[in-house]
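Data first, discussion second: the structure below is written as structure tokens.
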Amino acid sequence: MNKKFDSFYKKIIKFSKDELKNSKNKTKSLQSYIKKVENNAKSNIEIIDVLKAELKVSEIQTVIHKLYQQQLRKFTKELRDN
Numbered sequence: 011m012n013k014k015f016d017s018f019y020k021k022i023i024k025f026s027k028d029e030l031k032n033s034k035n036k037t038k039s040l041q042s043y044i045k046k047v048e049n050n051a052k053s054n055i056e057i058i059d060v061l062k063a064e065l066k067v068s069e070i071q072t073v074i075h076k077l078y079q080q081q082l083r084k085f086t087k088e089l090r091d092n
């Protein structure tokens, strides 16, 4: 009877150790995945910041171009008038 119990007990302990090992591996995998997701999020935020900056530059260039066109029209009109 004791041999059966010992065998059963050893199987339970082995199963528990295996499950613990699997659990640790899964935890490491999840931690690694979470780190990758966090890094991707940081990269995406940096990309968004760059795109926002480029958009602002583009908007400023558009305003400058419009002002330049207005001044050019004004100057051209003054030349025609004189």
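Just so we're aligned, residue 11 is where the sequence shown starts under this note's numbering, counting upward by one.
Note that the Cβ used here is the ideal one computed from N, Cα and C, for glycine as well.
Span separating the alpha-carbon of residue i from that of residue j
i: R83; j: N92; result: 14 Å
i: I55; j: K66; result: 16 Å
i: V60; j: K36; result: 36 Å
i: N49; j: S42; result: 11 Å
i: D16; j: S39; result: 34 Å
i: K45; j: K27; result: 27 Å
i: I23; j: V47; result: 36 Å
Residue i (DSSP reduced to helix, strand or coil)
i: N12; result: helix
i: N92; result: coil
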